[in-house]
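In the numbering used here, the protein residues as written are 8 to 337.
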């Protein structure tokens, strides 16, 4: 697990149905009875996600309703910003093309919410495992140079990456999320060596480094249970983070949790009418979009699905938006 993408074994069952869903939303109903939903969308693109087939992965962009979906490029685990570079209609997605290569696709949203000028380029050719994220304004890529060393790169610049700091011994950065103003990193750190099987959800001040690191959650090795990925996501518009953590003695049951920056759970999830299980949460307009898992059954098991659902915090109302993996919103 140390040198791989989290969850690729389970998500390799990507759905052909997901691709059919995506392509079908582009067409108007026969006889001109309905307009292209993308022509009517008011907040496209609101989030990115990927869909897997037997041999490839494809990145898509969607509006917040999931009714307008456009193909962007081949790739997986997208990190997304829009708008970027001081524009009103230009966006950027970064992803890991392989274990060590990080690529970016710049695009322009034209009238009718069509995508034009899609330009793919390599940003980093020798990245380490496993973290990568894009700042809210799309100007800065944060990534792992090695298991435990973080770096940043000016995406629009001509210089190379700058190392930020190294993690402590026997921990490495598995995944992470930059907050809205680019001052904090919320990350999952996986243990190895003396900490093998353990995981932590940490807050790191990007100006001062791991000396100012705060552990918000910790999962110690449990008999028969692997490390908890947490999948943290910082809301770019508030001081909240969303993540998932395992229910002890369950199988794949990871309820949604929302806390403030100090790790204190907020009323958003305390008052969920129905507990919501999933992974890879992201924020879209103050709501959560995540990959859904079914509720816990009588044997303590939650089944993975390819449904990307919107969850309204407080009420817990859930709406299926698309089929895919790794959603990332703005």
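Positions of the beta carbon are idealized from the N, C-alpha and C atoms, including for glycine.
Just so we're clear, the structure is a prediction, and the values are computed from it rather than from any experiment.
When C-beta atoms of the segment 294 to 302 are compared with those of the segment 313 to 320, three or more pairs fall below 8 angstroms, so the two segments count as touching.
Residue 129 has 110 as its beta-bridge partners, per DSSP.
The residue among 89, 94, 130 and 117 with its C-alpha nearest the C-alpha of residue 107 is 130.
A direct Cα-to-Cα measurement between residue 235 and residue 56 gives close to 22 angstroms. If you draw a straight line from the Cα of residue 327 to the Cα of residue 239, it comes to about 21 angstroms. Where residue 44 is concerned, there is no enclosing beta strand (DSSP E), although the alpha helix (DSSP H) around it starts and stops at 44 to 47. Pairing residue 275 with residue 320 gives a Cβ-Cβ distance under 8 angstroms. If you draw a 10 Å sphere on the C-beta of residue 281, you find fewer than 16 other C-beta atoms in it, and that means exposed.
By a beta-carbon distance limit of 8 angstroms, residue 221 does not contact residue 206. Their separation comes to about 15 angstroms.
Two segments are said to touch when three or more pairs of C-beta atoms, one from each, lie closer than 8 angstroms; by this definition the segment 162 to 176 does not touch the segment 116 to 127.
Secondary structure note for residue 277: it is in no beta strand (DSSP E), and the uninterrupted alpha helix (DSSP H) holding it is 274 to 277.
A check of alpha carbon separations from residue 330 across 76, 212 and 46 identifies 76 as the nearest. Within the DSSP secondary-structure output, residue 193 pairs in a beta bridge with 184 and 210. Per DSSP, reduced to three states, the secondary structure at residue 293 is coil, with no helix or strand assignment.
Residue 148: member of the beta strand (DSSP E) spanning 147 to 151, first to last residue.
Residue 201 has its alpha-carbon roughly 44 angstroms from the corresponding atom of residue 52.
Among the bridge pairs identified by DSSP, residue 262 is matched with 284. Under a 10 Å Cβ-count criterion, residue 85 is classified as buried, with 16 or more other Cβ atoms of the shown protein chains found around its own Cβ. Counting other Cβ atoms within 10 Å of its Cβ, residue 308 stays below 16 and is therefore classed as exposed.
Taking C-beta separations shorter than 8 angstroms and ignoring five residues to either side along the sequence, the partners of residue 146 in its chain run 91, 92, 161, 162 and 163, following chain order. Comparing alpha-carbon positions, the option among 155, 182, 273 and 190 lying closest to residue 174 turns out to be 155.
The alpha-carbon of residue 187 is positioned some 40 angstroms away from that of residue 305. The continuous beta strand (DSSP E) containing residue 171 extends over residues 169 to 173. Linking residue 134 to residue 148 through their CA atoms gives a straight-line distance of about 12 angstroms.
Cα atoms of residue 112 and residue 89: separation of roughly 12 angstroms, rounded to the nearest angstrom.
Taking 3 residues as the minimum length, the beta strand (DSSP E) runs contained wholly in the segment 51 to 120 are 54 to 59, 64 to 69, 76 to 81, 86 to 88, 97 to 103 and 109 to 117, in order along the chain. The residues 70, 75 and 120, in chain order, have a CB closer than 6 angstroms to that of residue 48 in the same chain once the five nearest residues on each side in sequence are set aside. Looking at the DSSP output, residue 317 sits in a beta bridge with 296 and 326. Put simply, of 232, 208, 218 and 219 the residue whose alpha carbon is nearest the alpha carbon of residue 225 is 208.
Within 10 angstroms of the beta-carbon of residue 214 lie fewer than 16 other beta-carbons, which makes it exposed.
Taking every protein chain shown into account, the CB of residue 218 has fewer than 16 other CB atoms within 10 angstroms, so this residue is exposed. The alpha-carbon of residue 181 is positioned some 5 angstroms away from that of residue 137. By the CB criterion at 8 angstroms, residue 303 and residue 257 fall inside the cutoff. A distance below 6 angstroms between beta-carbons, with the five flanking residues on each side excluded, links residue 334 to the following residues of its chain, in chain order: 54, 56, 289, 296 and 315.
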